[in-house]
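To start, the structure itself, in structure tokens.
In our numbering, the protein residues as written are -4 to 145.
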């Protein structure tokens, strides 16, 4: 009986933690990409809305709509998409600010981000970032009212 009481208290404590974390907007998911490889959506929005800010090269490497300032390429899960991205970057310095995104699905299932980012790293681009869309472009960008291409 004592063990059952202890177990119930621990289960309730875990449930309370999960509910509290979700209510505060904290994700209990494992982060797929390290922070050093990510650009936060709010950071990009601030750059896009600041007329004096230097704009990064933004590439849509997936199946979703274009955010403001992005160039649509073929899906990076296909050789054609990787070739397009490589071609876009051929005359750009290796220190150029680059932001890639897909947003078709959660990061852990996305077929496009990993091949594109891996290629950027192999090519020596040192200022490349992945736009942090861990759930989808809808949830992490458009539902927040962030700017889409017109």
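Note that CB positions come from ideal geometry on N, CA and C, so glycine has one too.
For the beta strand (DSSP E) holding residue 108, just list the boundary residues, first then last.
Residue 108 -> not in any beta strand (DSSP E); alpha helix (DSSP H) instead, spanning 108 to 118.
Where do the N-terminal and C-terminal ends of the beta strand (DSSP E) with residue 70 fall, by residue?
That residue, residue 70, is in no beta strand (DSSP E); it is neither H nor E in DSSP.
Tell me whether residue 50, by its Cβ, gets closer than 7 angstroms to a heavy atom of the ligand NAD.
As far as ligands go, the structure on display features none, and thus does not contain the ligand NAD.
Compute the beta-carbon to beta-carbon distance between residue 55 and residue 39, rounded to the nearest angstrom, for a pair I have assumed lies under 8 angstroms.
Wrong, their Cβ atoms sit about 13 angstroms apart, outside the cutoff.
Does the Cβ-Cβ distance between residue 84 and residue 120 come in under 8 angstroms?
Taking 8 angstroms as the Cβ cut-off, residue 84 and residue 120 qualify as a contacting pair.
Residue 23 by DSSP, collapsed to three states: which one?
For residue 23, the predicted model reports a pLDDT of 46, less than 50, meaning its position is unreliable; a value from the coordinates is still stated below. Here residue 23 sits in coil by DSSP.
Over what stretch of residues does the alpha helix (DSSP H) that includes residue 43 continue unbroken?
Note, residue 43: alpha helix (DSSP H), 36 to 44.
Quick one: grab the DSSP three-state call for residue 142.
Residue 142 falls in the coil class under three-state DSSP.
So which of 136, 78, 90 and 46 has the shortest CA-CA distance to residue 97?
Residue 97 has its Cα closest to that of 136, out of 136, 78, 90 and 46.
Is residue 56 helix, strand or coil when you go by DSSP?
It is coil, neither helix nor strand.
Measuring alpha carbon to alpha carbon, tell me which of 58, 80 and 36 ends up nearest residue 112.
Looking at the Cα atoms, 80 is the closest of the given residues.
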